[in-house]
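**Student:** Number 882 in our numbering belongs to position 112 of the sequence shown; there are no gaps in the numbering.
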Amino acid sequence: MNRVNLARVDLKLLATLQVLLEERNVTRAAERLFVSQPAMSKSLQKLKQIFADPLFERTAYGLVPTPKAEEIAIKLPRLLEQFHDLVEGEDFNPGTYQGQFRLALPQLVSELSLPLLTQHLHQQAPNASLRAADMPIDYPEQLATGKLDFVIHRESTTPPGVLSFPISNGHNQVLCLMRKDHPLAQKAQLTVEEYLAYPHVQVYFPGMTDDDTGIIDQVLREQQLTRHVLLATTHLTAALESLISTDCLMVGPRNLLQAGPYRDQITGLAFPTELPFPQLDLVLLQHRRTENSKPHLWLRNILLSQMLAR
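1. Could you give the residue range of the alpha helix (DSSP H) that holds Q819?
2. Helix, strand or coil, according to DSSP, for A967 in the structure here?
3. With the cut-off set at 8 angstroms, would you say A898 and H1057 are in Cβ contact?
4. Under the DSSP definition of a beta bridge, which residues are partnered with R828?
5. Kindly indicate which three-state DSSP category A839 falls into: helix, strand or coil?
6. I'd like the ranges of any alpha helix (DSSP H) spanning at least 4 consecutive residues and lying wholly in the region 881-933.
7. Whose CA, out of Q868, G1022 and R802, lies closest to the CA of H970?
8. So Q1076 packs on L886, CB below 8 angstroms; how close in whole Å?
9. Around the C-beta of D982, are 16 or more other C-beta atoms found within 10 angstroms, so that it is buried, or is it exposed?
10. So, at 8 angstroms on beta carbons, what are the nonlocal neighbours of R1070 in its own chain, with the 5 sequence-adjacent residues on each side left out?
11. Report the start-end ranges of each alpha helix (DSSP H) in the region 784-809 that is 4 residues or longer and not cut off at the edges.
12. Applying the 10 Å Cβ sphere with the 16-neighbour rule, what's the burial state of N863?
13. Check whether the region 830-838 touches the region 985-992, taking contact to mean three or more Cβ pairs, one atom from each stretch, closer than 8 angstroms.
14. Sorted by chain position, which residues of the same chain lie with C-beta nearer than 8 angstroms to R773's C-beta, five sequence neighbours on each side aside?
15. Give the DSSP-derived three-state secondary structure of R1033 in the structure shown.
16. Can you tell which of Q815, C946, Y974 and A800 has the C-alpha that lies nearest to the C-alpha of Y968?
17. State the Cα-Cα distance for the pair H941 and R1024, rounded to the nearest angstrom.
18. In or out: P1065 buried (at least 16 other Cβ within 10 Å) or exposed?
19. Alpha carbon to alpha carbon, how far is A955 from K944? Give it in angstroms, no decimals.
20. So L966 and Q877 are in contact, right, with Cβ under 8 angstroms, and what is the actual spacing, rounded?
21. Around the Cβ of A843, are there at least 16 other Cβ atoms within 10 angstroms (buried) or fewer (exposed)?
22. Just how far apart, CA to CA, sit A1002 and L1013?
23. So, for I937: in the same chain, excluding its five sequence neighbours on each side, which residues have a beta-carbon less than 8 angstroms away from its beta-carbon?
24. Please report the residue range of the alpha helix (DSSP H) in which A1009 lies.
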């Protein structure tokens, strides 16, 4: 970019480009920025002239970034964050913050955590917004390009350029869950034989384990044991509805007994000691490009304190 083009760039155009890179759709980008579609198209034309590149190719599936746009997508989020910090100065007031945070997390964690997180935002940052989604396979790329601000994931190898903060709470204290009037509900200790004698409901999360069979089935395979999974689903609500209406068992975190609409209808027993169930250690992931961003630091502290307290 030469000096003549640089003089024609304003921050609003760069912010527009960032939204286009995230949405890859002119109509959705216009809706996010509260402008008309013709105005968004006009901004895109200006951006094409400034960068001397088409930036996007139109396809039946939306806008596909050109190699130049993909290069910009890596650098632009950090540039906008730095400019935001420059203007913002030392003080950050969540009460007046109007930005959007983007978070990806497993459904099980979202059902337990999002209601309380929404309360925090409503009380402390009423003008901010939170966009929560399921875990995408390409979450490292989405963190790097600004499509995601935070990810809650099972502890594993941390991707390059990503910060990892451990979460140690009720999410990793595993119990065998069942309805309160289940034949096993009054047992003091669950045996392997009893655990395998009943059908099971399994909640699995794509991307959280090596395959869709889940952590418990990996443990059972190592012991040359199998269980009958009557229902395997990614939907926690459907799993819990099935649990309270059948003799099925389900492996789940302790805090399902303390939160959610089914807490009065289910109980839990300790997992059989003969089976070495692994800790479901979760981490909060954040890209280094937002490490010094005050809004991100504020939300990160809320996420960690909230989840550590549960």
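Backbone N, C-alpha and C define an ideal beta-carbon position, used for all residues, glycine too.
**Tutor:** Quick look at the numbers:
1. Within the sequence shown, the letter at position 49 stands for residue 819. Counting along the chain, the alpha helix (DSSP H) containing Q819 begins and ends at Q807 to F821.
2. Taking the sequence shown and counting its residues from 1, the one referred to as residue 967 is at position 197. The answer is helix: DSSP assigns A967 an H, G or I state.
3. Taking the sequence shown and counting its residues from 1, the one referred to as residue 898 is at position 128. Taking the sequence shown and counting its residues from 1, the one referred to as residue 1057 is at position 287. The answer is no: Cβ separation not under 8 angstroms.
4. In the sequence shown, residue 828 corresponds to position 58, counting from 1. Paired residue(s): L833.
5. Taking the first residue of the sequence shown as position 1, residue 839 is located at position 69. A839 falls in the helix class under three-state DSSP.
6. 909-915
7. By 1-based counting over the sequence shown, the position of residue 970 is 200. Here the closest residue by C-alpha is G1022.
8. Here residue 1076 corresponds to residue number 306 of the sequence shown, with the count starting at 1. Here residue 886 corresponds to residue number 116 of the sequence shown, with the count starting at 1. Rounded, the Cβ-Cβ distance is 6 angstroms, consistent with contact.
9. Taking the first residue of the sequence shown as position 1, residue 982 is located at position 212. Its pLDDT being 49, under 50, D982 is placed unreliably by the model, and the measurement read from it follows with that caveat. Exposed, by the Cβ-count rule.
10. As a working note, residue 1070 is residue 300 in the sequence shown. The answer, listed in chain order, is F920, F935, L1054 and Q1056.
11. 796-803
12. Working through the sequence shown from its first residue, we reach residue 863 at position 93. Exposed is the call here.
13. no
14. On the sequence shown, residue 773 is found 3 positions in, with the first residue counted as 1. Here R773 scores only 49 on pLDDT, less than 50, and its place in the model should not be relied on; the value that follows carries that caveat. Excluding positions up to five away in sequence, the list is empty.
15. As a working note, residue 1033 is residue 263 in the sequence shown. Here R1033 sits in coil by DSSP.
16. Taking the sequence shown and counting its residues from 1, one reaches residue 968 at position 198. Nearest option by C-alpha distance: C946.
17. Position 171 of the sequence shown holds residue 941. Position 254 of the sequence shown holds residue 1024. Confidence at H941 is low in this model, with a pLDDT of 49, below 50, so the placement of that residue is unreliable and no value is reported for it.
18. Numbered from 1 along the sequence shown, position 295 holds the residue referred to as residue 1065. That one is buried.
19. Counting from one through the sequence shown, the residue named residue 944 turns up at place 174. Counting from one through the sequence shown, the residue named residue 955 turns up at place 185. Looking at the sequence provided, one finds Val at residue 944 rather than Lys. So the alpha carbons of these two residues sit roughly 16 angstroms apart.
20. Stepping through the sequence shown from its first residue, residue 966 is reached at position 196. Stepping through the sequence shown from its first residue, residue 877 is reached at position 107. That belief does not hold up - the Cβ atoms of L966 and Q877 are roughly 26 angstroms apart, past 8 angstroms.
21. Position 73 of the sequence shown, counted from the start, is the residue given in the question as residue 843. Result: buried.
22. The residue labelled residue 1002 in the question sits at position 232 within the sequence shown. The residue labelled residue 1013 in the question sits at position 243 within the sequence shown. Computed Cα separation, rounded: 12 angstroms.
23. Counted from its first residue, the sequence shown places residue 937 at position 167. Hits under 8 angstroms: I922, D1051, L1052, V1053, L1054, L1074, M1077 and L1078.
24. By 1-based counting over the sequence shown, the position of residue 1009 is 239. Residues L1006 to I1014.
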